[in-house]
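Chemist: Numbering (this note's numbering), first residue to last: 83 to 1324.
#1: Shortest alpha-carbon distance to residue 453 belongs to which of 466, 495, 473 and 430?
#2: In this structure, how does DSSP classify residue 548 when only helix, strand and coil are distinguished?
#3: Counting Cβ pairs, one atom from each stretch, are 3 or more of them under 8 Å apart for the stretch 255-272 and the stretch 224-244?
#4: Sort out for me which residues DSSP pairs residue 1321 with in a bridge.
#5: Taking just the CA atoms, how far does residue 1170 sit from residue 1291?
#6: Closest Cβ-Cβ distance between residue 379 and chain D: below 8 Å?
#7: Could you work out which residue in 485, 429 and 947 is closest to residue 471 when comparing CA atoms only?
#8: By how many angstroms is the C-alpha of residue 202 removed from the C-alpha of residue 300?
#9: Once DSSP output is grouped into helix, strand and coil, what is the label at residue 832?
#10: Just mark residue 1037 as buried or exposed, buried being the case when its beta carbon has 16 or more other beta carbons within 10 Å.
#11: Please state whether the Cβ-Cβ distance between residue 1227 and residue 1176 is less than 8 Å.
#12: Do residue 1051 and residue 1067 come within 8 Å of each other at the CB atom, strictly closer than that value?
#13: Just to confirm, are residue 1212 and residue 1229 a CB contact at a threshold of 8 Å?
#14: Around the Cβ of residue 1316, are there at least 16 other Cβ atoms within 10 angstroms (buried) or fewer (exposed)?
#15: When the Cα atoms are used, what is the spatial distance from residue 935 to residue 836?
#16: Give every residue of the same chain whose Cβ lies closer than 8 Å to the Cβ of residue 171, excluding the five residues on either side of it in the sequence, and list them in chain order.
#17: Quick one: using the 10 Å Cβ neighbour count with 16 as the cut-off for buried, is residue 997 buried or exposed?
#18: Quick one, are the C-beta atoms of residue 1334 and residue 1274 less than 8 Å apart?
#19: Which one of 270, 1095 and 1148 has the shortest CA to CA distance from residue 661?
#20: For the stretch 505-521 against the stretch 469-483, do three or more pairs of beta-carbon atoms, one drawn from each stretch, fall closer than 8 Å, so that the two count as touching?
#21: In its own chain, which residues sit with a C-beta less than 8 Å from the C-beta of residue 1107, not counting the 5 before and 5 after it?
#22: Give me, in chain order, the residues of the same chain whose beta-carbon lies closer than 8 Å to that of residue 271; leave out the 5 immediate sequence neighbours on both sides.
#23: Between the Cα of residue 516 and the Cα atoms of 498, 491, 547 and 945, which residue gives the shortest distance?
#24: Rounded to the nearest angstrom, what separates residue 1021 and residue 980 at their Cα positions?
#25: Can you tell me whether DSSP reads residue 879 as helix, strand or coil?
#26: Going by Cα to Cα distance, which pick from 358, 366, 637 and 350 is closest to residue 341?
#27: Tell me residue 867's beta-bridge partners as DSSP assigns them.
#28: Do residue 814 and residue 878 count as a contact pair if the criterion is CB distance below 8 Å?
#29: Just how far apart, CA to CA, sit residue 1164 and residue 1194?
#30: Report yes if the C-beta distance between residue 669 and residue 407 is below 8 Å; otherwise report no.
#31: What are the start and end residues of the beta strand (DSSP E) that includes residue 893?
#32: Could you tell me which residues DSSP pairs with residue 901 in its beta bridges?
#33: Just verifying my parser: in three-state terms, what is the DSSP assignment at residue 907?
#34: For the 8 Å Cβ check, are there 3 or more pairs between the stretch 627-639 and the stretch 497-504?
#35: Are the CB atoms of residue 444 and residue 456 within a distance shorter than 8 Å?
#36: From residue 403 to residue 1235, what distance separates their C-alpha atoms?
Okay, structure coming up:
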């Protein structure tokens, strides 16, 4: 075929045909420079248009800079605009040429036309050239005092531009004070708005370093300023109104009457035509009434109509933004929107993203009165041509069924979906039917009758096929063809690509075998054989586990695989309550539209679990030396050994011990015979292999796997061996792009959850220590990010012997003390991933603590029993224990429940149920055990059961007190159920005998303090004062802790002063928080005052306090303050750890300043007191100081002094090797190398 003919096109007049075009423009501009002939401005316009056009399409026309400036001498405002645009674009890249523009821009700033003055000032401040800052100050000051409001408006915004170019120049010229004066006195509201916008950003940036800026920022939220803005709200533009309303949302009124005054003043803003103004007003209403439960509910009722109006008017995009905010409110209080469900019906012409939100809201508002209408509407959507919406509709019907009690009609509707004979409809319905049967087992007969008619060949989606297989196994006794359907699926094992389906198939076949052995025997043998040969690690392990379980005892296998099951009452929520509250706090922002907190999409390190920063490629990966990994015990058996008889195992072990090297078991298929017949023959175990004293089999089915030979029982399997040692490459290198590519492609080899110790959480206040520690174990960080309480790290490691890479994602939540680790590897051998996981599960070096600790398995025998027993036997085990167990000093319900919950929420719930039942049986009348039980519900976040305890107390005539309601409120708030907590508070207000007391308000304040919700915490504090209760020690402890947690240090100081003035003495926690805040503010004078107070009162200095103090003194280089602190601590006989921290801080300071004499004196003083160094980093700072001063003999003496008290790490040895090698000291180098050999580092 001939190539297509090229079209002949003439060059576009807007594009240059060659480099000569720019030269022609330069020549023409020179010709018109300074020309005042008639028509000259028109000619210049055409030339300027060409220049701007070229600049817009990316052609470099910076060579025309001088000519453009010369042609700018004109009164034509259009020409000036184009010239200003050109200059602003090229000034930053050509700072020398930008100097040429200063004269004409300064001249234009004094032009008679205010429009030109404003444009010139805007362009002058947009040059972004640091060297020209001095030329901006004069015109900017004149602009702020200009008689024309347009010029003042431009100048107010230009101050912020100057601040970003040179903050010191802006502050020194006193521009913030001028802006403040304009903001409070200018008659033009747009000028006021621009001043407010600039001041907010400037003072927020300066607040961390300037106390004056911090006070000014707080003054913006003072009553006079807020009222000034509110009284002029109607004069502002829509953008300015939003700015003012955002400020008002952060204001904390002094009493309830002020709240009502503000809401009455802003009432008409809810009818505004602009959606942004309406949303900003709604945020004000919601924030102001957080502490007023009854009013807060009325606000929901009031804002419904404006939101629903906005949803039905305007563009689809605006509708989606408003609908997202309505969606947030519906999810928080669905009962208040239950009567408005018809507004959430989908329209045929709406885009999919709008329909999806409406479906979620329909699901949330469904209740007994509207379920039928909603389900009928959703069923119509199931036949929608838009397949994703049809799927969402079916899921919505299922969710409604799972949350309603009367599900008769809903189940019928779901089963009718199976008759539609559409693949995606059938797939979604099967998944929902499975969940429905888990919650409502009584519907199994009706559901199975319909599901049994579905052919497995017509179900292709993995989740749907897994659901079908689960039902085939779970209800195989009711489905006549179940064994034969499962057998056909096993025959097609190799064609099934989903590991999830294969895992379900293994379990279903075993369940079916335990119920119908003769019909399933052959299928079970084939399934186990195929599973053992499977390349996927989880499938292989499960098949092996089932084989060993059946070999041990069939009755035990039945108890493990097919125990009596209780109905599932609650399904996991996809989003935590903490995240939902965080999004609610960021109402009227993109957080609501994205349905995630702002830090997850504004910080580049938080863009989702499998995404990386755009700047990842610029990260440098360290390759410092590290410690060797402590070798773990070697595994002495591979998977094949587990299938041998006892005598063969002994022979195999003997052969291994006689010199054969250990090889880790390979699961990639190389060690497994390829043919199915070969595999089955390996699985067959004849009687000749069993010792003569073995008892005869007691199994009902002799040929367990259907392979033609009987099977003998084996001894109980030994405990699993520890993972084999894994030596990693200390100098591993991996570029970020390769990491990102591998992370997307590789499957997850291992995923584990950990609980963290309190010391580990404290260590993460400075994540650098964690990263250094991982580096010390040859696990390198390639990207990290986040802010408290959520941290995320990406690591990589490489095997020392071969180029096999491990990728690790570590997500840590310090508030819940939980960590999750996911490992991906080039080599899919699970034992290697386990080895790496073991090396990750280690503590900060040279500190007697563990950063991660596996989910606790306490020494309490009862706890161990409960963890090992099936769910159906939990209450039986508890009944078998005597009362002495529960009254023992070693027993703790708290530890028992939190440990059980980390393993199984259902077990924890059953323990709570058992305790309540026992209290009822014993006719317990004391209030304290019931209160304890409610508080235990908060530990496992089980609000429904807490309410059940409350109902039980009412039923048995136990007098309800405010303490009971306080416990319920605390449980609700701890579980994120804010609306229920507010409802309980409202009930207390209307009650005669259970009025809210001081502890009620303290509960709200404490929980919001822990969540870091500064505004809600303060609102409840003022509510407490308004109710006539004075603040006590617990109140101030929560307030100060919450302010420090949210970095509102000034307010924390004010609460502390208020507490001291009221005569309440602080406790250690309050002092620790205040000291932390002062250190963060770098306020040495205030730190000294607080320290004097603590020393005079003989308060305890904690390790965290000492660490903060050392960091502050180290930053300011004040070693004298360190010495003074050490002397005071020694005189007061403070703790060993605190003194050690201060000693090491002083030594580190001297080392950094190369003061060898002072450093050696400090080391000797510390050693004389029986202390040594804390970590390798302190040692290495000292070593580097000696190397910098070339004091090698003194270094030898130092190493000799610490030899008996501190063991050098490999990283320290590597530093010594590098230093002596650089200095050419071969003898000393040899000695260090000998020391490394003796230490076992190579």
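Cβ coordinates follow ideal geometry from the N, Cα and C atoms, glycine included.
All of these numbers come straight from a predicted model, not from anything done at the bench.
Modeler: According to the structure shown:
#1: 495
#2: helix
#3: yes
#4: DSSP, once it has assigned bridges, lists no residue as partnering residue 1321.
#5: 37 Å
#6: Annotation note: the requested chain D is absent from the structure, which comprises a single protein chain.
#7: 429
#8: 34 Å
#9: strand
#10: exposed
#11: no
#12: yes
#13: no
#14: exposed
#15: The pLDDT assigned to residue 935 is 41, lower than 50, so where the model puts this residue is not dependable, and the model offers no usable value.
#16: 137
#17: buried
#18: Only positions 83 to 1324 of the chain appear in the structure, and residue 1334 is not among them; the question remains open.
#19: 1095
#20: yes
#21: 1113
#22: 314, 317, 318, 319 and 322
#23: 547
#24: 7 Å
#25: strand
#26: 366
#27: 874
#28: yes
#29: 7 Å
#30: yes
#31: 887-895
#32: 836 and 894
#33: strand
#34: no
#35: yes
#36: 57 Å
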